Amino acid sequence: MKLIPRSLPARIGIAIIIGILVGLVAPEWLARLAATFNMLMARFLGFMIPLIIVGFVAPAIAGTGTRAGKLLVATALLAYVATFLAGLMSYGICHATFPPILRHTIPGAETEAAGAEISAFFELDLPPILPVTTSLALAFLLGLGAAATGGGAMLRGLNQLRDIVALTIDRLILPLLPPYIAGIFLVMTLEGRVGSILATFAGIIGVIFLMHILILLIQYAIAGAITGRNPLRMLRTMLPAYLTALGTQSSAATIPVTLRQTIKMGVSDDIAGFTVPLCATIHMSGSTLKIVACAMALMMMHGLGCPLPLYLHFIAMLGITIIAAPGIPGGAIMASLGLLGSILGFDAQMQGMMIALYIAMDSFGTACNVTGDGALAAIIDRFFGPARVKS
15 MKLIPRSLPA
25 RIGIAIIIGI
35 LVGLVAPEWL
45 ARLAATFNML
55 MARFLGFMIP
65 LIIVGFVAPA
75 IAGTGTRAGK
85 LLVATALLAY
95 VATFLAGLMS
105 YGICHATFPP
115 ILRHTIPGAE
125 TEAAGAEISA
135 FFELDLPPIL
145 PVTTSLALAF
155 LLGLGAAATG
165 GGAMLRGLNQ
175 LRDIVALTID
185 RLILPLLPPY
195 IAGIFLVMTL
205 EGRVGSILAT
215 FAGIIGVIFL
225 MHILILLIQY
235 AIAGAITGRN
245 PLRMLRTMLP
255 AYLTALGTQS
265 SAATIPVTLR
275 QTIKMGVSDD
285 IAGFTVPLCA
295 TIHMSGSTLK
305 IVACAMALMM
315 MHGLGCPLPL
325 YLHFIAMLGI
335 TIIAAPGIPG
345 GAIMASLGLL
355 GSILGFDAQM
365 QGMMIALYIA
375 MDSFGTACNV
385 TGDGALAAII
395 DRFFGPARVK
405 S
């Protein structure tokens, strides 16, 4: 047992390596066993997401009292501006770097899956008690109601719900994350879904990955300048959330780790409990950055132009549309398919290529989203946190 590291980032890193190595030699029965465990864990996380949102957001709103309205508006506006600027940055960098990368690419080239899909031994239906948006609406209603009426029994009930959810996270979800992530990478490796796509789009993926790092550095540089903290130290504190999101591929499913690390970073409990679950739903810098880059790459490969006014329209609408994405791996690209067709003119073939390219690196966009949530929470805490109120 002493050989097992206590650090969550180390355990997740080892889980990823084990998943890939075992996936190279795993028999079909082992892959299906891993897929079955992944299915069960994913269903349970999906079931817990509404409880996490209500359990953390509602008490946080109640605790903010009369500041809840301003806090909500400020957080939502900050998240949208961050998402829009990430998409705009992606457009500028890709417009400059993709033409030479795609110079020898044959227009219309397609990627093919390398292996068959691995299925679970059985399926278990465990639907969440509420959709994500309904959970947020309920959390706002309960929290604002408790704040307006002075708390009492309602506030005590919300705090007890928060304690129950927190205990479930600490005792069940966090210990199961490493094997869950190992199973995800095992199945992905055996299916071969990633290899062929990475081989074809290696240059594009490299640019997108560097842009993810760049946007995080910019976000934390701004957060560090506003809060007076070391941005690199803040980023290091958020590393467990980044690594967890690499495996879960879901901003909402990573909320427990993101929340814990945001508080460790120095953000007050109430502000973190409000902004982290909310930003998991409305802050999509990494996903927007990647969707814009992938769309531009495919349009260039098909010999189509990428005018700035067209992409300003696309990015502005995308920041609103992909709010439906949290909790579903690959949900951002599914939510954006309508915009790809109606604004950018993608046909069915281009949409299929878009899905393949996006999902090949889905986890990196999600990791960028949740890590950036910590920077936004720190900025909000600077203006709405307890220290600001007391001063």
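Here the working numbering = 1-based position in the sequence shown + 14. The beta-carbon is built from N, C-alpha and C at its ideal position, and this holds for glycine as well. None of the values given here were measured: they were computed from a predicted structure.
Query, Result
"Residue interval of the alpha helix (DSSP H) (run including V201)", "188-205"
"Neighbour-count burial assignment, S301, 16 or more Cβ in a 10 Å radius", "buried"
"A96 and Q233 closer than 8 Å at C-beta", "yes"
"Pick from A162, G359, I66 that is closest to C320, judged by C-alpha positions", "G359"
"Short Cβ contact (8 Å threshold) for I285 with I347", "no"
"C-alpha gap between R176 and T251, whole angstroms", "23 Å"
"CB of M225 within 8 Å of CB of S356, strictly", "no"
"F135 burial status per 10 Å Cβ neighbour count (16 or more: buried)", "exposed"
"Spatial distance of F112 from M279 (CA atoms)", "36 Å"
"Nearest-angstrom Cβ-Cβ length linking I75 and G157, presumed shorter than 8 Å", "3 Å"
"As assigned by DSSP and simplified to three states, the class of S104", "helix"
"Euclidean distance between Cα positions of Q174 and R243", "33 Å"
"Pair within 8 Å by beta-carbon distance, T203 and G317", "no"
"Cβ-based burial, F61 [other Cβ within 10 Å; buried from 16]", "exposed"
"Coarse secondary structure for I347, derived from DSSP in three states", "helix"
"Backbone secondary structure at T163 - three-state DSSP", "helix"
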